[in-house]
Amino acid sequence: MSTIRLTMAQAVARFLTAQKTEIDGQVMPLFGGVWAIFGHGNVAGMGEALHGVRDRLPTFRAHNEQGMAHAAIAFAKASRRRRMMACTTSIGPGATNMVTAAAVAHVNRLPVLLLPGDVFANRRPDPVLQQIESFSDGTVSANDCFKPVSRYFDRISRPEQIIPALQRAMNVLTDPAECGPVTLALCQDTQAEAYDYPESFFSERVWMPRRTRPDEAELARAADLIRSAKKPFIVAGGGVLYSGAEKALADFAERHGLFVGETQAGKSSLPHDHQANLGAVGVTGTGAANALAEDADVVIAVGTRLQDFTTGSWALFKNPNRRIVGLNVQAFDATKHSALPLLADARVGLEELSRALGTWKAPEAWTGKGREEKARWFETAARYTDPTNAELPSDAQVIGAVQRTSQPSDVVVCAAGGLPGELHKHWKASTALGYHLEYGYSCMGYEIAGGLGVKMADPSREVIVMVGDGSYLMMNSELATSVMLGQKLTVVLLDNRGYGCINRLQRATGGVSFNNLLQHTHHVTLPDIDFAAHAASLGAQAVKVKGIGELEDALKKARGSEHSTVIVIDTDPLASTDAGGHWWDVAVPEVSSRDQVKAARKDYETALAEQRVGD
1 MSTIRLTMAQ AVARFLTAQK TEIDGQVMPL FGGVWAIFGH GNVAGMGEAL HGVRDRLPTF
61 RAHNEQGMAH AAIAFAKASR RRRMMACTTS IGPGATNMVT AAAVAHVNRL PVLLLPGDVF
121 ANRRPDPVLQ QIESFSDGTV SANDCFKPVS RYFDRISRPE QIIPALQRAM NVLTDPAECG
181 PVTLALCQDT QAEAYDYPES FFSERVWMPR RTRPDEAELA RAADLIRSAK KPFIVAGGGV
241 LYSGAEKALA DFAERHGLFV GETQAGKSSL PHDHQANLGA VGVTGTGAAN ALAEDADVVI
301 AVGTRLQDFT TGSWALFKNP NRRIVGLNVQ AFDATKHSAL PLLADARVGL EELSRALGTW
361 KAPEAWTGKG REEKARWFET AARYTDPTNA ELPSDAQVIG AVQRTSQPSD VVVCAAGGLP
421 GELHKHWKAS TALGYHLEYG YSCMGYEIAG GLGVKMADPS REVIVMVGDG SYLMMNSELA
481 TSVMLGQKLT VVLLDNRGYG CINRLQRATG GVSFNNLLQH THHVTLPDID FAAHAASLGA
541 QAVKVKGIGE LEDALKKARG SEHSTVIVID TDPLASTDAG GHWWDVAVPE VSSRDQVKAA
601 RKDYETALAE QRVGD
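Shown next as structure tokens:
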């Protein structure tokens, strides 16, 4: 057996360069690069190794470990999980900064390879700088925090251990059902140790997505159930986009006269003006999609994990006889809510299900209702997004301005707060992957870093990041990285001076405004933050605008620029779209001295009665 002597870190780097993927007939690197912030736990080992392969595997420097991992996750999502990135950090805070991002990837079923440095395997300098010490367990390090948020975790304390570990890692990262973050904690002394690795370990491998075909019995049962339906409805999740199943979904809906509601992850599965697309479904759903979802007797859940925002906390699907068909690659998701499982890739599953249904179509009375509800919603929604002269526009009015100045190929990126709900209802996505929301973990601070990852995945598309002042203050450092890398973003920063979304939720559940908007916090002086000046200090072009007219002018100018631009606009913290939507289970205190809370509790108990617990 022919071998090559390398350090463990060199073996990792060389292995990553050998992993390929094929997209549209073109073989390309599976890993788009490695994000690295070096410290004493990885600079000597991984740093030297990455330098040696920099012509084949680019290394990118970020400003925050969580931010760079968000960029890597967004890159994978924008690449339909067909390409991915790795991230390496030192031990201690560098590693634990990535734990939140690992949770984002875990919840959203997205691949990212995390390579944090770890303590010395030989323990000779024990304890080292930044080491977490357990009084009862000598094997614990800070990297154990990754275990519950990793699909696969391993600690590499011998150089040869990387051989099975990397092979297992690749199987997880590329498996449609198991896909998620992989953490390989690299003991820092082991990174520098040499081993005679078999050359075959570094042979090029092309990874192709596995397309699981449905079991014949499951397929037959699903088709029989759908044929019996009088009011069938499709919920399209992120699995549709990961599978590349947009055409299969459109063909299925058109052939069988069905309507589709999109989750946050599934939005842009169909063009907004497709005859079958009723838009967002669930807590932040449109009036059209939710009207059909409430009455549906068979719900075909395609590639969705059916989280509470989709199901209205188990209360949206109100038909007492309703059944769910769970078309998913992962049995864990396919069987939720007592669903009839159809384990399959979304594209293949829809195609075979359509063949099994033959010429069956939903009743005309049901499709007629769908058309009426869609027309009604489009008329209603326009009132919220139309131009305004208001000094403090709403989020929806800002979205309307961004929409009017956008092009069909643009990608809008957002994450937590009130904006995702307004975007889910109002953004008109025209092309697949044009809507990029992180709402599985709803992670504040994802927005700018995520926008950077999206832009790196497809530089041909304009990327518009919409972010609130709260999220911007939590994490804005990768704006400087976008400037440094020449990856242009247009950032629309909506300043409502606090956490406006949670303030509205607080008031809706009977509470008083407390500790959310800046004016309602314990303070000596209210901050007067100049966001435009701050963004300019990070190297971006920046401007603050007054009103929707100036915003549209600034957006048009930003489109013509080659540099990242931040546009700041003051917005109303209280206004939101009160049309559409659905109840969401947020527990209200049973005991309170305040009448508003008591009243909210009564409403809450009434709503709880509509839940289908365990169903």
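1 is the number of the first residue of the sequence shown in UniProt numbering; add one for each residue after it.
Even glycine gets a Cβ: it sits at the ideal position worked out from N, Cα and C.
Predicted model, so just to flag it, every value in this text is computed and none were measured.
Straight-line gap, residue i to residue j (C-alpha atoms, nearest Å)
i	j	result
V299	G279	16 angstroms
M444	A381	26 angstroms
G486	A533	20 angstroms
K20	R504	47 angstroms
A296	V512	38 angstroms
N515	H522	7 angstroms
H436	D572	24 angstroms
L258	I226	11 angstroms
S482	I37	16 angstroms
L518	D469	11 angstroms
G238	A76	13 angstroms
I162	V128	23 angstroms
R5	A192	12 angstroms
G418	S471	11 angstroms
G500	H520	11 angstroms
C145	N97	10 angstroms
A587	S150	29 angstroms
Y152	R559	41 angstroms
K230	S409	37 angstroms
D215	A222	11 angstroms
7 angstroms CB neighbourhood of residue i in its chain, flanking five on each side removed
i	result
A480	H63, L538 and G539
R594	G510
D570	L392 and D495
R109	C179 and G180
S477	H63, N64 and G67
I73	A101, V104, A105, L110, V112 and G453
V99	C145, F146 and V149
R168	Y152
Residues near residue i in its chain [Cβ-Cβ closer than 6 angstroms; skip 5 each side]
i	result
Y446	H70, A415 and E438
G25	none
G266	A236, G237, G238 and V240
A301	V235, I324 and G326
K336	L306
Continuous alpha helix (DSSP H) stretch holding residue i: start and end
i	result
I226	E216 to R227
Y384	E364 to T385
A356	A346 to L357
I448	Y446 to A457
V298	Note, V298: premise wrong, no alpha helix (DSSP H); beta strand (DSSP E) at V298 to V302.
G47	G45 to G52
H523	It is not in any alpha helix (DSSP H) - H523 carries neither H nor E in the DSSP assignment.
D251	E246 to H256
Beta-carbon proximity of residue i to residue j, cut-off 8 angstroms
i	j	result
T88	L57	no
S243	D345	yes
M84	L113	yes
T139	P159	no
V492	A535	no
T284	G581	yes
R211	V348	yes
F531	D495	yes
G117	I156	no
L292	L186	no
A575	S394	yes
H272	K369	no
Strand pairing of residue i, partner residues [DSSP]
i	result
Y152	V182
M28	T21
C187	D118
E262	A236 and A280
N328	L343
residue 628	Past the edges of the chain, shown from 1 to 615, lies residue 628, and the structure says nothing about it.
W207	T21
P198	T3
V465	V413 and V491
L517	G498
R323	V298
Host beta strand (DSSP E) of residue i (start-end)
i	result
K544	Q541 to V545
residue 617	Within the shown structure, residues of the chain are numbered from 1 to 615, placing residue 617 beyond reach of any answer.
R61	T59 to R61
L437	Y435 to L437
residue 620	A query on residue 620 cannot be resolved here, the shown segment of the chain reaching from 1 to 615 and no further.
Same chain only: Cβ atoms within 8 angstroms of residue i, ignoring 5 sequence neighbours per side
i	result
H426	A381, Y384, T385, A396, I399, G400, Q403 and T577
S592	G510, K598 and R601
beta-carbon residue i near the ligand MG non-hydrogen atom, thresh 7 angstroms
i	result
F75	In terms of ligand content, the structure shown is empty, and the ligand MG therefore cannot be addressed.
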